[in-house]
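Input: a single structure, listed below in structure tokens.
Number of protein chains: 2
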Amino acid sequence: MITVLAGGVGAARLLAGLIQVVDPAELTAVVNTGDDLVLHGLEISPDLDTVTYTLAGAIDPERGWGLAGESWQAMESLRRFGGDAWFNLGDRDLGTHLYRTTRRREGATLSEVTAEITAAWGLGLRLLPVTDDPLQTRVTVETDGEIGFQEYFVQRQHSVAVSAVRFDGAATAAPAAGVLDAIASSGRVVIAPSNPIVSIGPLLAVPGVRDAVVARRDDVVAVSPIVAGAALKGPADRLMTELGHEASVVGVARIYAELAGTLIIDEADAELADAVEAEGVRCVVAPTIMSSPQRSAALARVVLESGVRS
Amino acid sequence: MITVLAGGVGAARLLAGLIQVVDPAELTAVVNTGDDLVLHGLEISPDLDTVTYTLAGAIDPERGWGLAGESWQAMESLRRFGGDAWFNLGDRDLGTHLYRTTRRREGATLSEVTAEITAAWGLGLRLLPVTDDPLQTRVTVETDGEIGFQEYFVQRQHSVAVSAVRFDGAATAAPAAGVLDAIASSGRVVIAPSNPIVSIGPLLAVPGVRDAVVARRDDVVAVSPIVAGAALKGPADRLMTELGHEASVVGVARIYAELAGTLIIDEADAELADAVEAEGVRCVVAPTIMSSPQRSAALARVVLESGVRS
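Rendered as structure tokens:
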């Protein structure tokens, strides 16, 4: 069994690699819900949907989010009224949110709805939201004070300086059923190449999760989302710098040192391998840029082969 | 000034006639909200939208509801998950519901949102929901007990026998701002050819509305929704019969006798004019079937010319 701590795009691509090289039934992804939002009355879970759509082969490959072949009639109509259309919701994507919202209002947990949605897409792996309780990543930005994650990430296109990140609700959230057990009982725990602060951070903020990962440190392999000092996508590098971390694989190693026995870094950072190991983390150098399904599968193989206790 | 008590399709067509023959700024429509529902977390106001879309020239002429040139991607996606898709929501139509839901969650009243939506469509008349408070038409059917109006009307295609109709929330609902004043101060009050029980009924159930109409009886003109013993659209005839009324223009005259000094009936019912007048209601015979904009305008002229106090 393999458990992957997952954010959005980077995690989705690594999972797409893993399902090529292991039986999906062996895989559990524990997914960030700190980015979730209620918009226009609809319950939206961006990371869960990105992972689902990617693994279903339905993601839009250009945008990296939402569905391929999407139409945008609802948003165009919303704009007619001057409505808030900064968070783009495609028409087909809306079907997912309509379903999730209805089921939640009927009393289903996010875990239950997620299982129904992944089953409808025919996915073989298990997707677990890290928690079924409210969890909201809140970001303090210079210009506006504390705002929601999507207001920062999408509305302001993560172009404003961040002075603090907080996971509202985390203190009282419980891990979703199966989360702690998956971490405890998997042969391999993987920290996906997601934003350490705002994608993996919320997972670790849910009581019990961090301790469960720490307890498995020797079997935990992290993949650096930072390559040559920059995030492949999103603001991980700037966020790390703004919050006092070094935006490098060494900075990633320091953040994860207590959690992961092994860190996989890209070949572009090979000269930093010793510096990573100086943080007490075994370092594996490999191609980590998942620009094709083949490269995702290759990285998945490295993940599975790395850091096995000898 | 003219005030029209309005349900959905029939009222929308009469209003489309009226705006051809009078300055829309002279017109207020007080619209039924008893059919409103929250579905998938979205606030849906079918009668308000039918009137708006019709007057905007955007209604689908075949279906009689929803927008012309509509696409259905969100519903198709919802069906993938086995979601409740009995209430069809087109993609462009969804934009309206997203906007309304967001604005309501921001604290705007339904009146305010409705004014924004009609302004965005460039409509010149004033559309008022009868109330900004919760009002729900509930229907007791043989098969399932008491259900919501749309469960009866759309989900069961009004094909089950009804034993009772109730307007939940009516007792504590207040008329929306402007409603009572519009009825009191208009030269003409029109009861549109809408279902007397489930379209006009909810309006009259809001405290103060019925009394306001009764006070204007001499200036109130109703248009019969029953032609030759049948409803042109929907279940008005069957509902009237099931609830102990006669499904005829005479039955309509009895329901409205206290409210309307004049009833316009279709030429097909000309032989019932005396029976209508026997109910104490002046009867005007005219073509009432609004199968074209020209016929709507012609009926609007009859409405304006009928029942003027001599």
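Top to bottom, those sequences are chains V and Y. Residue numbering for the first sequence follows this note's numbering, beginning at 1 and increasing consecutively. Residue numbering for the second sequence follows this note's numbering, beginning at 1001 and increasing consecutively. Backbone N, C-alpha and C fix where the C-beta goes; we use that ideal spot for every residue, glycine too.
- Counting along the chain, residue 1145 of chain Y sits inside no alpha helix (DSSP H); it lies in the beta strand (DSSP E) bounded by residues 1145-1148.
- By the Cβ test, the region 1207-1214 of chain Y is not in contact with the region 1230-1250 of chain Y, since fewer than three Cβ pairs between them sit closer than 8 Å.
- With respect to the 8 Å criterion, residue 1247 of chain Y and residue 1281 of chain Y are not classified as neighbours on the basis of their beta carbons.
- Around residue 126 of chain V, no beta-carbon contact reaches into chain Y at under 7 Å, the shortest distance being about 18 Å.
- For residue 125 of chain V, the closest C-alpha among the options V/296, V/245, V/20 and V/252 is that of V/20.
- In this chain, the alpha helix (DSSP H) harbouring residue 200 of chain V covers 200-205.
- Secondary structure of residue 1077 of chain Y (DSSP, three-state): helix.
- Counting every other CB atom within 10 Å of its CB across the protein chains shown gives residue 106 of chain V a total below 16, marking it as exposed.
- Within the region 1197-1264 of chain Y, complete beta strand (DSSP E) segments of at least 3 residues are found at 1220-1223, given in chain order.
- Distance from the CA of residue 1121 of chain Y to the CA of residue 1242 of chain Y, rounded to the nearest whole angstrom, comes to 39 Å.
- Looking at the backbone, the Cα of residue 267 of chain V and that of residue 288 of chain V are separated by about 8 Å.
- The DSSP assignment places 46-55 as complete runs of the alpha helix (DSSP H) inside the region 33-76 of chain V, in order along the chain (cut-off: 4 residues).
- Sequence-ordered contacts of the region 1055-1077 of chain Y with chain V read 1067, 1070, 1071, 1072, 1073, 1074, 1075, 1076 and 1077 [C-beta pairs closer than 9 Å].
- For residue 14 of chain V, there is no enclosing beta strand (DSSP E); the residue is part of the alpha helix (DSSP H) that begins and ends at 9-21.
- Bridge pairing for residue 5 of chain V: V/30 and V/191 [DSSP].
- The beta carbon of residue 115 of chain V does not come within 8 Å of any beta carbon belonging to chain Y, so the residue lies off that interface.
- Contact residues of the region 91-106 of chain V toward chain Y are 91, 92, 93, 94, 95, 96, 97, 98, 99, 100, 101, 102, 103, 104 and 105 (C-beta to C-beta distance below 9 Å).
- Non-local beta-carbon contacts of residue 1230 of chain Y in its own chain, meaning distances under 6 Å to residues more than five positions away in sequence, involve 1237 in chain order.
- Contact check for residue 1257 of chain Y against residue 1277 of chain Y fails: the beta carbons are separated by 8 Å or more.
- Per the C-alpha coordinates, the member of V/215, V/189 and V/244 positioned closest to residue 306 of chain V is V/189.
- Within 10 angstroms of the beta-carbon of residue 1184 of chain Y lie fewer than 16 other beta-carbons, which makes it exposed.
- Excluding sequence positions up to five before and after residue 1015 of chain Y, its CB lies within less than 8 Å of the CB of 1004, 1006, 1027, 1029, 1051, 1054, 1055, 1125 and 1192, all in the same chain and listed in chain order.
- Contact between residue 67 of chain V and residue 90 of chain V holds, with the beta-carbon distance rounding to 6 Å and staying under 8 Å.
- Under the three-state reduction of DSSP, residue 153 of chain V is assigned to helix.
- Around the Cβ of residue 1163 of chain Y, a 10 Å sphere holds fewer than 16 other Cβ atoms; the residue is exposed.
- In the DSSP assignment, residue 286 of chain V falls within the unbroken beta strand (DSSP E) covering 282-286.
- Sequence-distant Cβ neighbours of residue 1087 of chain Y in its own chain, meaning closer than 8 Å and more than five residues away, are 1037, 1039, 1044, 1150, 1154 and 1155.
- About 4 Å separates the Cβ atoms of residue 169 of chain V and residue 134 of chain V, confirming a contact at the 8 Å cut-off.
- Under the three-state reduction of DSSP output, residue 137 of chain V falls in the strand class.
- Taken through DSSP and simplified to helix, strand or coil, residue 109 of chain V comes out as coil.
- When the alpha-carbon of residue 1093 of chain Y is set against those of Y/1059, Y/1182 and Y/1201, the nearest one is in Y/1059.
- Contact annotation: in the region 27-47 of chain V, residues whose CB is within less than 9 Å of a CB in chain Y are 38, 39, 40, 41, 42 and 43.
- Taking C-beta atoms as the reference points, residue 1071 of chain Y and residue 73 of chain V count as a pair closer than 8 Å.
- The Cβ neighbour count for residue 270 of chain V, taken over all protein chains shown within 10 Å, is under 16; the residue is labelled exposed.
- Look at residue 120 of chain V: its C-beta is under 8 Å from a C-beta on chain Y.
- Listed in chain order, the positions of the region 1001-1012 of chain Y with a beta carbon within less than 7 Å of a beta carbon of chain V would be empty, since no residue qualifies.
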